[in-house]
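First the structure, in the form of structure tokens, and then the observations on it.
Residue numbers (the working numbering): 6 to 139.
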């Protein structure tokens, strides 16, 4: 009985030390923030230390490839990429089939994005020669 009570007291002590440590960390961060704000308001210029150059390998060739935004207005190449059509001059049926397939998979009523659905519709209209954005 005494052993059980002692173990409960130790657990409570460990939990309270975690709480006290968290509060101390938060208070320290708050004090540092207040100090930096006061320093900034006083007009003192603090020179930041120069960071050393890090020559680490990167995926530079992959970084920007395929991560571009949408063009405005949408080009035929972009429309074919969105609809996943490889043919240079696809038939109307191929365009409509690709549009239908993508819209069924990405329809907003089924949890898809309205933005993606609008881009799919814009791609179809662009390839079919309908004017958009007027």
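C-beta: ideal position from N, C-alpha, C; glycine also.
Legend entry - Of the residues 87, 99, 82, the one placed nearest residue 125, counting alpha carbons only: Residue numbering aside, residue 125 sits at position 120 when the chain shown is read from its first letter. Cα-wise, what sits closest to residue 125 is 87.
Legend entry - Local Cβ density within 10 Å of residue 77, reported as buried at 16 or more and exposed below that: What you label residue 77 is simply residue 72 of the chain shown in a count that begins at 1. Classification of residue 77: exposed, given that the 10 Å Cβ count is below 16.
Legend entry - N- and C-terminal bounds of the alpha helix (DSSP H) containing residue 96: For this step, residue 96 is matched to residue 91 along the chain shown. From DSSP, residue 96 is part of no alpha helix (DSSP H); its letter is neither H nor E.
Inset, instruction - Please name the residue in 34, 114, 121 whose C-alpha comes closest to that of residue 75. - result: Locating residue 75 in the chain shown gives position 70, where the first residue counts as 1. If we check each option's Cα against that of residue 75, 121 comes out closest.
Inset, instruction - Run the CB neighbour count on residue 107, radius 10 Å, all protein chains shown included, and call it buried at 16 or more, exposed below. - result: Indexing the chain shown from 1 puts residue 107 at position 102. It counts as buried.
Legend entry - Distance between residue 39 and residue 45 (C-alpha atoms, nearest Å): Taking the first residue of the chain shown as 1, we reach residue 45 at position 40. Taking the first residue of the chain shown as 1, we reach residue 39 at position 34. Those two C-alpha atoms are separated by around 10 Å.
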